[in-house]
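Written out below as structure tokens is the structure these notes cover.
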Amino acid sequence: MWAILSVLVENKPGVLFKITNLFRSKNFNIDSISVGVTENPEFSKMTITTIGDEKRVAQIIKQLNKLIDTVEVKRLDEKMTVYRELVLMKIKASKPSEITEIMNLANAFECKIHDVRQSSIIVEITATPDKIDAFTDMVKNYKITDIARTGITALARGVNHES
183 MWAILSVLVE NKPGVLFKIT NLFRSKNFNI DSISVGVTEN PEFSKMTITT IGDEKRVAQI
243 IKQLNKLIDT VEVKRLDEKM TVYRELVLMK IKASKPSEIT EIMNLANAFE CKIHDVRQSS
303 IIVEITATPD KIDAFTDMVK NYKITDIART GITALARGVN HES
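For the sequence shown, the numbering used here gives the first residue as 183, with consecutive numbering after it.
Quick look at the structure:
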């Protein structure tokens, strides 16, 4: 099962290494990770997504809580969380009509259009992973020549679920 973990850590060198090394040492895969400083510059928040059964996810949460630089670890409920990923995608277009078709698809998925050229277009999509996958499926016949994904970032909804 898919898990979204919100990990509040001290904002200092080496913390990201310790977190990722913990996952490696437990033979646990990180599907995506995003990190940024919080409103308090002494702390950073990591959003980590992974797949595992309940026992394995509980184990990694327990291990994360043991790290000295970890302030708080929360597993976010997918239904009670706003989560998004940003993707930049360069799509090949052999003729002007393909640029138009790609732009129409991008508009339907509420994407932003960047750097339209005669032979390619760069599209930005910020959405849930399933919506990004759906857009990717729609444009794959044009040939995606490059892609960059940020990883999931997430916040729990409501006052009682803050992380």
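Even for Gly, the Cβ is constructed at its ideal location relative to N, Cα and C.
Computed from a predicted model, the values in this text were never measured in an experiment.
**Item:** Exposure label - A185; buried when at least 16 CB within 10 Å
**Value:** buried
**Request:** Flag this pair as touching only if the segment 199–217 and the segment 237–246 have three or more C-beta atom pairs under 8 Å; answer yes or no.
**Result:** yes
**Local conformation of D259 per DSSP, three classes** = Note: D259 maps to coil in three-state DSSP.
**Request:** Name the two residues that bound the continuous beta strand (DSSP E) containing P212.
**Result:** The displayed chain sequence assigns Ile, not Pro, to residue 212. Unbroken run through I212: none, as it is neither H nor E.
**Item:** Assigned secondary structure, D319 (DSSP; H/G/I helix, E/B strand, else coil)
**Value:** helix
**Item:** Residues near T310 in its chain [Cβ-Cβ closer than 8 Å; skip 5 each side]
**Value:** Taken in chain order, the residues that qualify are Y265, R266 and E267.
**Request:** Taking 7 Å as the cut-off, decide whether the C-beta atoms of Q334 and T229 are in contact.
**Result:** According to the sequence as given, residue 334 is Ile; it is not Gln. Yes; because the gap between Cβ atoms is below 7 Å, this pair is in contact.
**Request:** Report back the beta-carbon spacing between V269 and I329 to the nearest angstrom; my notes put them in contact at under 8 Å.
**Result:** Correct: roughly 7 Å between the Cβ atoms.
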